[in-house]
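J.: The opening residue of the sequence shown carries number 0 in numbering that gives the first Met the number 0; numbering runs sequentially from there.
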Amino acid sequence: MVSQGVRVLIGGGFRIPEVVEAAGARLVTVGTTNRTRPADYARAIERGDVAAILKVHRSNFSISGFTEETKLAELVELGGAHGVPVIHDLGSGLLMDSAALGLPYEPTPAESIAAGADLVAFSGDKLVGGPQAGVLAGTRKCVARARGHPLCRALRSDKVTLAGLEATLSLYRDPERARERIPALRMIGTPHGRLERRAEAVLAAVGSRGAGLRRALRAEVVATDSLVGGGTFPDARIPSAAISLGAGDKAEEWLARLRAHKPPVVARRRRGRLFLDLRTIAPEEDSVVAAALAALAASVS
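1. For V224, report the span of its beta strand (DSSP E) as first-last.
2. Quick one, are the C-beta atoms of I52 and M0 less than 8 Å apart?
3. Roughly how many angstroms lie between the CA atoms of D276 and T32, to the nearest whole one?
4. Please look up how many angstroms separate the CB atoms of V221 and S243, rounded, as I've assumed it's under 8 Å.
5. Thinking just about the alpha-carbon of each residue, which of D157, R46, A145, P174 is nearest to the one in L93?
6. Would the stretch 113-132 and the stretch 164-178 be scored as touching if the rule is three or more Cβ pairs under 8 Å?
7. Using the Cα positions of A24 and E76, report the straight-line distance between them to the nearest angstrom.
8. With H87 as the anchor, note down where its beta strand (DSSP E) starts and where it stops.
9. Could you have a look at R193 and say whether DSSP puts it in helix, strand or coil?
10. So if DSSP puts A290 in a beta bridge, which residue, or which two residues, is it bridged to?
11. Which whole runs of the beta strand (DSSP E) in the stretch 110-195 are 3 residues long or more, in chain order?
12. My output table needs one value for L94: the three-state DSSP class, helix, strand or coil.
13. For the alpha helix (DSSP H) that L244 lies in, which residues bound it at each end?
14. Report all residues from its chain with a CB closer than 7 Å to the CB of L212; omit the five preceding and five following residues, and keep chain order.
15. On the DSSP letters alone, give me the boundaries of the alpha helix (DSSP H) that V75 sits inside.
16. Could you name each continuous alpha helix (DSSP H) segment of 4 residues or more that falls completely within the stretch 31-57, going from the start of the chain to the end?
17. According to DSSP, what are the bridge partners of F65?
18. Based on DSSP bridge pairs, tell me the residues matched to T28.
19. For the beta strand (DSSP E) that contains L275, what are its first and last residues?
20. Ordered along the chain, which non-local residues of its own chain (more than five positions away) have a Cβ less than 6 Å from that of D39?
21. Which residue or residues does DSSP assign as beta-bridge partners of I370?
22. Q3 to T35, Cα distance in whole Å?
23. Can you name, in chain order, every residue of its own chain whose Cβ lies under 6 Å from the Cβ of I86, other than the five neighbours on each side?
24. Could you check the C-alpha separation between S63 and R155 for me, to the nearest Å?
25. Kindly indicate which residue of L184, G245, K158, D157 has the alpha-carbon position closest to the one of L170.
26. For L254 and P233, what's the separation of their Cα atoms in angstroms?
27. If we ignore side chains and look at the alpha-carbon of each, how far apart do P182 and A291 end up?
28. Got a sec, what are the start and stop residues for the alpha helix (DSSP H) R208 sits in?
29. Cutting at 7 Å between CB atoms, please list the residues of its own chain near S97, excluding the five before and the five after it.
30. Just to confirm my understanding: we take E199, look at its own chain, exclude 5 residues before and 5 after, and list those with CB closer than 8 Å. What are they?
31. May I have the straight-line CA-CA distance separating S225 from I15, to the nearest angstrom?
32. Can you check DSSP and say which residues form a bridge with R267?
33. Would you identify the three-state DSSP class for S298, choosing helix, strand or coil?
Okay, here's the thing in structure tokens:
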């Protein structure tokens, strides 16, 4: 049983209803797109055709306005009263307090389990920052039942993936270390001022390679917003700093030249200007960007 408001399309074009039906289950939909109340779930349970309650977290989209969503704790209480397990699909699976990254509230797997969810599903990549994998956590009974399914062996992660996931998860023993060592968390948590100083330093390095190179690119440091991406935080925008290039009608040519650099540098295009967001560039890559921009400037000047 699932709310009408979360019959969603996930990455790769897969629809939650089709995923559920492919597993051999029959999907029971309750409520409406914008409002689903505990009573909607209760009526379906009373009809006797519900084996589990599925709550899907809206990790890659949002609904605002005249809305109402049944809380996980309410579903756990309802499921417990009727002997129906609750499955919580968290999607991105952030493992630390989102406030520490300057982001809006995002439920964690630990919070879902503490609230009483029998089974929690989340990604091992995305906000966790590990290799691409799916993680199931919850009660011993439910995890054992999932492990005993005939498809489990076909779907289980290989040893390389498990080793990468274990190494990533071990970093979370020290949250500060995790924020520094896991690329996704480091990018999200880098202060705007630090990015701005790095952008200025990159352009200074370009200028030091030859008179007029920076002017040839019509380059400047501008304020911009970063999106978290990866199917997470759909409404969150993070203040960032970018290097902006005045490509004009040469935008496609400049993009191609940057991509042809060794290693390639990929910019985004908007209204005749190219942008390199420093939030998605590691500090150790700044010299690569400076070299690519200097080469571009030399070719167009």
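Heads up, the beta-carbon is just placed ideally off N, CA and C, and yes, glycines get one too.
Predicted model, so just to flag it, every value in this text is computed and none were measured.
T.: In this structure, then:
1. The residue you call residue 224 lines up with position 225 of the sequence shown. The displayed chain sequence assigns Asp, not Val, to residue 224. 219-228 is the span of the beta strand (DSSP E), which, as asked, contains D224.
2. Numbered from its first residue, the sequence shown carries residue 52 at position 53. Numbered from its first residue, the sequence shown carries residue 0 at position 1. Against a cut-off of 8 Å, the Cβ pair of M0 and I52 comes out as a contact.
3. Counted from its first residue, the sequence shown places residue 276 at position 277. Counted from its first residue, the sequence shown places residue 32 at position 33. Each residue's alpha carbon lies about 36 Å from the other.
4. Residue mapping note: residue 221 aligns to position 222 of the sequence shown, counting from 1. Residue mapping note: residue 243 aligns to position 244 of the sequence shown, counting from 1. So it is a contact: roughly 5 Å between Cβ atoms.
5. The residue you call residue 93 lines up with position 94 of the sequence shown. Here the closest residue by C-alpha is P174.
6. yes
7. Residue mapping note: residue 24 aligns to position 25 of the sequence shown, counting from 1. Residue mapping note: residue 76 aligns to position 77 of the sequence shown, counting from 1. One C-alpha to the other measures close to 23 Å.
8. For the purposes of this step, residue 87 is taken as the residue at position 88 of the sequence shown. First-last of the beta strand (DSSP E) with H87: 85-90.
9. By one-based count along the sequence shown, residue 193 stands at place 194. Correct three-state label for R193: helix.
10. Stepping through the sequence shown from its first residue, residue 290 is reached at position 291. Answer is none; A290 lacks a bridge partner.
11. 118-122, 133-137
12. Numbered from its first residue, the sequence shown carries residue 94 at position 95. Coil.
13. Residue numbering aside, residue 244 sits at position 245 when the sequence shown is read from its first letter. Per DSSP, L244 belongs to no alpha helix (DSSP H); it is in the beta strand (DSSP E), 231-244.
14. Sequence index remark: in the sequence shown, residue 212 carries index 213 (1-based). Result list for L212: V205, G206, A293, A296, A297, S300, in chain order.
15. As a first step, residue 75 is located in the sequence shown; it is residue number 76 there, counting from the start. Taken as a continuous stretch (DSSP letters only), the alpha helix (DSSP H) holding V75 covers 71-81.
16. 37-45
17. Position 66 of the sequence shown, counting from 1, holds the residue named residue 65. None, per the DSSP bridge assignment.
18. Indexing the sequence shown from 1 puts residue 28 at position 29. Paired residue(s): V1.
19. Walking along the sequence shown from the start, residue 275 turns up at place 276. From DSSP, the beta strand (DSSP E) with L275 extends over 272-276.
20. The residue given as residue 39 occupies position 40 in the sequence shown. Taken in chain order, the residues that qualify are V29, G30.
21. Given a span of 0 to 300 for the chain in the structure shown, any question on residue 370 remains unanswerable.
22. Residue 3 sits at position 4 when you count from the first residue of the sequence shown. Residue 35 sits at position 36 when you count from the first residue of the sequence shown. When rounded, the distance between both Cα atoms is 8 Å.
23. Position 87 of the sequence shown, counting from 1, holds the residue named residue 86. So the list reads A51, L53, L118, once near-sequence residues are dropped.
24. Position 64 of the sequence shown, counted from the start, is the residue given in the question as residue 63. Position 156 of the sequence shown, counted from the start, is the residue given in the question as residue 155. Taking the straight line joining both Cα atoms gives about 37 Å.
25. On the sequence shown, residue 170 is found 171 positions in, with the first residue counted as 1. Per the Cα distances, L184.
26. For the purposes of this step, residue 254 is taken as residue 255 along the sequence shown, with counting starting at 1. For the purposes of this step, residue 233 is taken as residue 234 along the sequence shown, with counting starting at 1. The straight-line gap from Cα to Cα measures roughly 27 Å.
27. Here residue 182 is taken as the residue at index 183 of the sequence shown, counted from 1. Here residue 291 is taken as the residue at index 292 of the sequence shown, counted from 1. Roughly 22 Å separates the two Cα atoms.
28. As a working note, residue 208 is residue 209 in the sequence shown. R208 -> no alpha helix (DSSP H), and no H or E assigned at all.
29. For this step, residue 97 is matched to residue 98 along the sequence shown. Hits under 7 Å: P103, Y104, E105.
30. Locating residue 199 in the sequence shown gives position 200, where the first residue counts as 1. Once the five neighbours on either side are set aside, the close Cβ partners of E199 are V220.
31. Position 226 of the sequence shown, counted from the first residue, corresponds to residue 225. Position 16 of the sequence shown, counted from the first residue, corresponds to residue 15. Distance between the alpha carbons of S225 and I15: 28 Å.
32. Here the question's residue 267 lines up with position 268 in the sequence shown. Paired residues: F274.
33. Counted from its first residue, the sequence shown places residue 298 at position 299. Of the three classes helix, strand and coil, the one that applies to S298 here is helix, per DSSP.
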